[in-house]
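The sequence shown runs 1 to 278 under the working numbering.
What follows is one structure encoded as structure tokens, with my remarks underneath.
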Amino acid sequence: MTAGTMRKIVGTVMAMGAVVALASCGVGRGDDEAGRSPLPGNVPAGPRHATADEIVGALDAAGIKCAVVRRDQGDGSGGSGATCQAKVNGAMFENEIHTLSPKVFSRDDLGAAVASRRKPPYSHTLVVAGNWFVRVREPRFAPQVAKALHGVVLPPEKVKVPDYPLPSIPAEPRYKSLGALADALDKAVGCAERSEGLGGTMTCTTGKRIGRSPNCATLALHDTAAARDRTLREAIAYKGVPATLVTAGNWTVNLCDYGLGSRVAQALDGRVVAYDGQ
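Shown next, in the form of structure tokens:
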């Protein structure tokens, strides 16, 4: 797009998730001092934890039982990382935990890692203190996690997304539930291993039904056309982050398998919006 030369819009939009790499614990260390970001002044210097398991133990001790389901690879020299699954008021959610060894990383390094994750397109909600941070996948539980770990909640940073032009989007079909949208997607390319999240979203796995490698998709319902279009524009806003979505009516489907866009659009009577990341 001139806003146009960088974005190739063919139909619908959906943002691709991305992960920040950090040496041996899921965070990347920058060597350029000028590129580092100080932590906000309200982030306490402690408590410090040597390992992700210590943080899991602190959650358990505070009454938030959190079972480890994944561990980051690495020798642990720069820190450690793990993902644990907790349950609060009957709701399950995951915490992605990262500790940074003070022997390798400075407080400014921690600040850089935290800053990169709070900005779009990642937009993570974090709990931070000492030499560690935790991504709380269900932001409504971040205050409880922060209280348990004696940290502070750092919400995602908001940035203004330009009003990139969008193609004409059909007013129909519309879906009354994510389940109905998922069923329609399932008939087209598969929608297995469904998991419903906050804010009118659902993730599922596509591809296997039609003989392709399984890949992720994120489904969302939107209250208004304006809200839907904001989701589309944000998905195509970030250079280096390709996106392929299908959309119509009150819904968007964000496909990790970019090759499914046209097939899904035809099956669901939607429009493809895609950006190649260039």
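Don't be surprised by glycine CBs; every beta carbon is placed ideally from N, CA and C.
Counted within 10 angstroms of its Cβ, other Cβ atoms place L232 as buried (16 or more) or exposed: Burial state of L232 is buried, judged by a 10 Å Cβ sphere holding 16 or more other Cβ atoms.
Environment of Q278 [buried if 16+ CB atoms lie within 10 Å]: Q278 is exposed by the Cβ-count criterion.
Whole-angstrom C-beta distance between V246 and G261, which should lie under 8 Å: In this structure G261 touches V246 by the C-beta definition: roughly 6 Å separates them, less than 8 Å.
Between the CA atoms of K239 and E96 - distance to the nearest angstrom: Their Cα atoms are separated by approximately 25 Å.
Endpoints, beta strand (DSSP E) assigned at R135: W132 to V136
Reduced DSSP secondary structure (H/G/I, E/B, other) of L149: helix
Under 8 Å between C-beta atoms of A188 and A267: yes
Coarse secondary structure for G240, derived from DSSP in three states: coil
Best match in T224, A235 and T205 for proximity to D257 [C-alpha to C-alpha]: In terms of Cα proximity to D257, the closest of T224, A235 and T205 is T205.
Beta carbon of G79 nearer than 8 Å to that of S101: yes
Pick from R71, P165, P214 and A115 that is closest to I236, judged by C-alpha positions: P165
Buried versus exposed call for V202 [16 or more other C-beta atoms within 10 Å across all chains shown]: The displayed chain sequence assigns Met, not Val, to residue 202. Buried, since its Cβ has 16 or more Cβ neighbours within 10 Å.
Nearest neighbour of R212, chosen from F93, G130, R263 and V68 [CA to CA]: Cα-wise, what sits closest to R212 is R263.
Nearest-angstrom Cβ-Cβ length linking P47 and A129, presumed shorter than 8 Å: 6 Å
contact_flag[the region 132-151, the region 41-56] where n(CB pairs < 8 Å) is 3 or more: yes
Where Y164 sits in the DSSP three-state scheme: coil
Assigned secondary structure, I64 (DSSP; H/G/I helix, E/B strand, else coil): coil
Endpoints, the beta strand (DSSP E) within which G76 is located: Per DSSP, G76 belongs to no beta strand (DSSP E) and is neither H nor E.
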